[in-house]
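Chains as they are written, first to last, in our numbering: chain S, 23 to 282; chain E, 23 to 282.
Glycine included, every Cβ here is placed at the ideal spot set by N, Cα and C.
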DNA sequence: CAGTGGTCTAGACCACCCT
DNA sequence: GGGTGGTCTAGACCACTGA
């Protein structure tokens, strides 16, 4: 029940140890440095070794620490984050040090077009909130974007006018965006897009089609069209193959036979 | 040392339990079904509860099981894989049910251009293997691709002519590709690209710039140029925010204040 | 209430690494 | 050898769930 902010300090012993280790590794230790041995921590905290191991294991699984049998436990290099995250245009621009601004082109409820209905898994023609916006970065047109959200999911979503952040609005209406899928493709702009994006005669656009999911299912379908010369996407690529049942203990470099 | 194939059967008790649970969940149980309780497994295997928990926890961390306090442990829905994986053109086409073919345009060792040297972290002008290929899917031109690999890393890489698969060749020379970074952008094709890709007057291309890493560091730089109308990239998007210190035990829906 | 997972103890022996 | 992590035991009490 304690709704405090930071000092949740944990009644659990392993959380105390954990907090201590997080402090230690971020404040005093550098990458590759060893943390105190499990038995040493046992002494320091006056708890059993299993408790210490619980704390350490949780940090290992998060990638903060790395164990090497016979040697010790070490601060690991910050691991690559192979996940591309759901982010809004504003967040993306902020990360690039640019200022985002938006011009609303259209806003309201419409009958769902066939593709939209299909992607969202709703009946064609059922009502969807629709928002079409022009996106700017530091004042320069960057993208034209269009989004559809079933009215049923959040009837009052647009009651105060089109929300500045659709993701935030969805969150407030109980449909926290959890994950998404995006398809990227290059294309030539339509005449209208070329005009809205202030592009010359030639030039390409990057089309991003996104389906956003909340716990309740697909909640939004959106299409964005970015100026090809002002926008690019960085994608980290994880290692190939997913050892179907890797364990984490066994795994002896299963030299799979490949033919490709 | 036992280089057997399947029956590694594990001398460790927790691995026996683990194997049993994997079998059980894949063969007999469905998503959402509960597995036997920890105490029941304790009886069945004649081991202590901590051992059972170790086995279960390893499967929970892999996403196969899900624990709910007070209720039980359940088979979880196969979790989304939010990672895009390193894959070759051949693999990508195979996945789409297409047949890949390749025409080598250029092959040999050259002095590293400035950008290539910079990206690979080598001295400008040092020797790099260079391969330029035209890629087809079901006989139709799909992409033009160019790759550079430091000669120093694998001097004999091209000794038998340009390898059919650069990734496979790197693997054979001790530089197993582990991860990569790719940047995607839309652009207009050059005249040569338009010709090689058999494109009409208009049309856009998707440029993919990739740096591939092995354990030894960056091993390859490559640029591919795909026909925009024949190629698209699917990217799964993971949930926002990375709780800096999430624990996995605490976390009571930390209602973070956001302003965007 | 009975049953489940969550935390915790105070030992034990093994496998591995380094010197 | 001496130190480190890896596995394992046989209990214990707590917190939560559901009937």
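Would residue i pass as a contact of residue j if the rule is Cβ separation under 7 Å?
i: residue 201/E; j: residue 259/S; result: yes
i: residue 257/S; j: residue 204/E; result: yes
i: residue 136/S; j: residue 148/S; result: no
i: residue 154/E; j: residue 124/E; result: no
i: residue 241/S; j: residue 197/S; result: yes
i: residue 159/E; j: residue 115/E; result: yes
i: residue 96/S; j: residue 54/S; result: yes
i: residue 231/E; j: residue 199/E; result: no
i: residue 166/S; j: residue 218/S; result: yes
i: residue 243/S; j: residue 170/S; result: yes
i: residue 107/E; j: residue 262/S; result: yes
i: residue 163/S; j: residue 220/S; result: yes
i: residue 110/E; j: residue 189/E; result: yes
i: residue 173/S; j: residue 131/S; result: yes
i: residue 128/S; j: residue 245/S; result: no
i: residue 187/S; j: residue 83/E; result: no
Between which two residues does the alpha helix (DSSP H) containing residue i stretch?
i: residue 44/E; result: 35–49
i: residue 140/E; result: 136–142
i: residue 77/E; result: 71–83
i: residue 115/S; result: 111–117
i: residue 214/S; result: 213–218
i: residue 67/S; result: 60–67
Step through the CB atoms of chain E and report whether any lies within less than 7 Å of the CB of residue i.
i: residue 47/S; result: no
i: residue 209/S; result: yes
i: residue 157/S; result: no
i: residue 83/S; result: yes
i: residue 227/S; result: yes
i: residue 260/S; result: yes
i: residue 93/S; result: no
i: residue 71/S; result: no
i: residue 245/S; result: no
i: residue 101/S; result: no
i: residue 252/S; result: no
i: residue 161/S; result: no
i: residue 313/S; result: Because chain S here runs from 23 to 282, residue 313/S falls outside it and cannot be looked at.
i: residue 202/S; result: yes
Taking CB distances under 7 Å as the criterion, tell me whether residue i reaches chain S.
i: residue 104/E; result: yes
i: residue 282/E; result: Only weak support is given to the placement of residue 282/E: the predicted model assigns it a pLDDT of 28, under 50, and the question is left unresolved by the model.
i: residue 205/E; result: yes
i: residue 191/E; result: no
i: residue 256/E; result: yes
i: residue 267/E; result: Any reading at residue 267/E needs caution, since the residue's pLDDT is 41, under 50, leaving its predicted position unreliable; the model's value is listed next. With 7 Å as the cut-off, residue 267/E counts as an interface residue toward chain S.
i: residue 153/E; result: no
i: residue 52/E; result: no
i: residue 170/E; result: no
i: residue 108/E; result: yes
i: residue 119/E; result: no
i: residue 233/E; result: no
i: residue 196/E; result: no
i: residue 216/E; result: no
i: residue 39/E; result: no
i: residue 75/E; result: no
Leaving out five residues on either side along the sequence, give the residues of the same chain with a beta carbon under 8 Å from the beta carbon of residue i.
i: residue 195/S; result: 175, 176, 178 and 179
i: residue 104/S; result: 258, 259 and 260
i: residue 44/S; result: 81 and 86
Using a Cβ-Cβ cut-off of 6 Å (strictly less than) and excluding sequence neighbours within five positions of residue i, which residues of its own chain qualify?
i: residue 229/E; result: 207, 209 and 247
i: residue 121/E; result: 160
i: residue 185/S; result: 191
i: residue 101/S; result: 85
i: residue 216/S; result: none
For residue i, report the span of its beta strand (DSSP E) as first-last.
i: residue 235/E; result: 227–236
i: residue 243/S; result: 239–249
i: residue 120/S; result: Counting along the chain, residue 120/S falls outside any beta strand (DSSP E), and DSSP gives it neither H nor E.
i: residue 260/S; result: 255–260
i: residue 284/S; result: The structure shown does not extend to residue 284/S, since chain S spans only 23 to 282, so no value can be given for it.
i: residue 96/E; result: 94–97
Grab me the residues of residue i's own chain with a C-beta within less than 7 Å of its C-beta, minus the 5 sequence neighbours each way, in chain order.
i: residue 72/S; result: none
i: residue 59/S; result: 94
i: residue 63/S; result: 39 and 74
i: residue 223/E; result: none
i: residue 99/S; result: 53
- Task: Kindly provide the ranges of any alpha helix (DSSP H) runs that are 4 or more residues long and lie completely inside the region 152–207 of chain S, ordered along the chain.
- Result: 188–194
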